[in-house]
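J.: Numbering (the numbering used here), first residue to last: 202 to 409.
All C-beta atoms, glycine included, are put in the ideal place defined by N, C-alpha and C.
All values derive from a computational prediction rather than experimental measurement.
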Ligand SMILES: Cc1cc2nc3c(=O)[nH]c(=O)nc-3n(C[C@H](O)[C@H](O)[C@H](O)COP(=O)(O)O)c2cc1C
C-alpha cells in the first residue's frame, strides 16, 4: 500500500511537532485520561523504529501516590545538588522542573537488555537505547495530538527510581515521564522564553 499524504496532513504533523512542549507541574491537571486514549499513546510508542526490529522498550504506568511521592523525594535530593551547580544563575532555583505529583500518571520507560544478538546492534551497543528514545518521541507527539502534555524528568538517579519501582537488572531506565492534561501549552519552550537557551537555526547544518 502506498499512502500519499496531502499538504493538509503535512501541516497537521508540522503543527503537532511545533506545538509539542515539555510540561511541568505548574501546568498539569489531574483530569483522568481514558484508557483508550492512553492505549493510543502507548501504541504510538510501540510502532517506533527499532534496531533489528528488536522493540526493546518496556512501559510501566505509575498511578500509586506513595511510589510517586518516593520518586518526588528523590527528585528533591537530586535537584538540591543541581541547584548548587547552577547557583550563579538565579533563574534555576525558580524553575519548576518536574510534574511527578501534579500529573495524572507517571510512566517509566525502560530498555530491556538483549538476550540474543540483535541485527544492527553488533557495532554500536547504544542503538538499542536510541530505539527506546524513538518510542518516547512518538509517544510525546501522539500525546500532544490528544492535547495531553508530557514532561521528561531526568533530575533523578536511575538506580533509585529502579529500586522504588522494583525493576530488575535486565532493564535500564531511559526516561521517567509525567503525563496528563494541561491548563496550557506554551507556544515556545519555556527555556527559550526565559532566555536560558536560544533555538538553533538551520545555518548550523554543514554540507561536506
Ligand atoms: C532527554 C530529556 C531530558 C529532559 N529532562 C528534563 C528535566 O529533568 N526537567 C525539565 O524540566 N525538563 C526536561 N526536559 C525538557 C527540556 O527542557 C525541553 O524539552 C526543552 O527545554 C525544549 O522545550 P520543549 O520540549 O517544550 O520544546 C528534558 C528533555 C529531554 C529531551
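(1) Quick one: is residue 324 buried, meaning 16 or more other Cβ sit within 10 Å of its Cβ, or exposed?
(2) Taking only heavy atoms of ligand 1 into account, decide whether any of them is closer than 8 Å to the Cβ of residue 381.
(3) Hey, would you say the C-beta of residue 353 is under 8 Å away from at least one heavy atom of ligand 1?
(4) Whose C-beta lies closer than 7 Å to the C-beta of residue 365 among residues of the same chain, with five residues either side of it excluded?
(5) Kindly list the residues whose CB is nearer than 7 Å to the CB of residue 333, restricted to its own chain and excluding five residues on each side of it in sequence; keep chain order.
(6) Per DSSP, what kind of secondary structure is residue 299 in: helix, strand or coil?
(7) Expressed to the nearest angstrom, what Euclidean distance is found between the alpha-carbon atoms of residue 339 and residue 345?
(8) To which residues of the same chain is residue 253 closer than 8 Å at the C-beta, ignoring the five residues directly before and after it?
(9) Shorter than 8 Å, the distance from the beta carbon of residue 297 to the closest heavy atom of ligand 1, or not?
(10) CB-CB under 8 Å to residue 349, same chain, minus the five flanking residues each way: which ones, in chain order?
(11) Provide the residue span of the beta strand (DSSP E) that contains residue 376, from first to last.
(12) Taking the alpha carbon of residue 265 as the reference point, which residue from 211, 304, 227 and 277 has its own alpha carbon closest?
(13) Under a three-way DSSP split, which group does residue 418 fall into?
(14) Going by DSSP, which residues form a beta bridge with residue 352?
(15) Indicate whether the contact test is met: 3 or more Cβ pairs, each with one atom in the stretch 356–373 and one in the stretch 216–234, closer than 8 Å.
(16) Go ahead and pull the three-state DSSP assignment for residue 339.
(17) Assign residue 367 to one of three DSSP states: helix, strand, or coil.
(18) Please name the residue in 255, 331, 202 and 341 whose C-alpha comes closest to that of residue 219.
(19) Leaving out the 5 sequence neighbours to the left and right, which residues in its chain are closer than 7 Å to residue 283 when beta-carbon positions are compared?
T.: With the given structure in hand:
(1) exposed
(2) no
(3) yes
(4) 268, 271 and 272
(5) 257, 258, 310, 312 and 375
(6) coil
(7) 10 Å
(8) 319, 320, 321 and 322
(9) yes
(10) 234, 238, 242, 380, 381, 382 and 383
(11) 372–382
(12) 304
(13) For residue 418 there is no data in the structure shown, the boundaries of the chain being 202 and 409.
(14) 379
(15) no
(16) helix
(17) coil
(18) 341
(19) 356
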